[in-house]
Amino acid sequence: MVKRFLATSNWQTLTDTLDYIKNLGINAIEVMPFNEFEGNNSWGYNPSFFFAPDKAYGTKNNLKKFIDEAHKRGMAVIMDAVLNHATGTSPLAQLYWNAATNQPAAGSPYFNVTATHPFSVFNDFNHESEATKYHTARYIRHWTNRI
262 MVKRFLATSN
272 WQTLTDTLDY
282 IKNLGINAIE
292 VMPFNEFEGN
302 NSWGYNPSFF
312 FAPDKAYGTK
322 NNLKKFIDEA
332 HKRGMAVIMD
342 AVLNHATGTS
352 PLAQLYWNAA
362 TNQPAAGSPY
372 FNVTATHPFS
382 VFNDFNHESE
392 ATKYHTARYI
402 RHWTNRI
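The sequence shown begins at 262 in the numbering used here and counts up by one.
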């Protein structure tokens, strides 16, 4: 997570630190999920908007510059991903929401009404659903091809 590594928690400062990181012998940087999440004080494991970089770390262009500069130094950038759940503010949840029960609607193509396991937080994706499989594939393509 950019916030815990740097006093000034943004992509630009991390980019400015790449030479130092490279000189330590590091050849890969793993960052916690950085797609948009609720609030600005989080590790990113409460996803809401899967295709937008979180505003707390800076602009999309600064994120692209960080990745490009890391690659120029022979360093991989690995993004942790959360694909098992989403918060209630996620458009995927809001599109098929049961306000009376405050949970996903029975007809949601993305989420189980209730989690299929006891370890779930937020809203549990239905990974057998074609809509969820498509969403997951789009997410992976987005973050590997568009940045």
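Where is the CB? At the ideal position from N, CA and C, for every residue including glycine.
Small disclaimer: the values here were computed from a predicted structure and weren't measured.
Reduced DSSP secondary structure (H/G/I, E/B, other) of residue i
i: Asp280; result: helix
i: Phe295; result: coil
i: Phe380; result: coil
i: Asp315; result: coil
i: Met262; result: Bear in mind that a pLDDT of 49 at Met262, under 50, signals an unreliable position, so the number given afterwards is only what the model happens to contain. The answer is coil: DSSP assigns Met262 none of H, G, I, E or B.
Contact under 9 Å by Cβ, residue i with residue j
i: Phe383; j: Thr348; result: yes
i: Pro365; j: Thr393; result: no
i: Ala337; j: Ile401; result: no
i: Ser409; j: Tyr318; result: Residue 409 lies beyond the residue range present for the chain, which begins at 262 and ends at 408; the question has no answer from this structure.
i: Phe310; j: Asn296; result: yes
i: Val374; j: Asn363; result: no
i: Asp315; j: Asn301; result: yes
Best match in the options for proximity to residue i [C-alpha to C-alpha]
i: Pro294; options: Glu330, Thr362, Leu285 and Asp341; result: Asp341
i: Ile287; options: His388, Arg334, Trp404 and His403; result: Arg334
i: Leu324; options: Val374, Glu391, Asn406 and Leu275; result: Leu275
i: Pro308; options: Thr405, Ala354 and Thr377; result: Ala354
Residue i classed as buried or exposed, judged by whether at least 16 other C-beta atoms fall within 10 angstroms
i: Tyr281; result: exposed
i: Pro352; result: exposed
i: Asp329; result: exposed
i: Ala268; result: exposed
i: Trp304; result: exposed
i: Ala361; result: exposed
Neighbourhood of residue i by C-beta distance below 6 Å, restricted to the same chain and skipping five residues each side
i: Thr397; result: Leu344
Sequence-distant residues of its chain with Cβ nearer than 8 Å to residue i (five each side left out)
i: Glu391; result: Pro370
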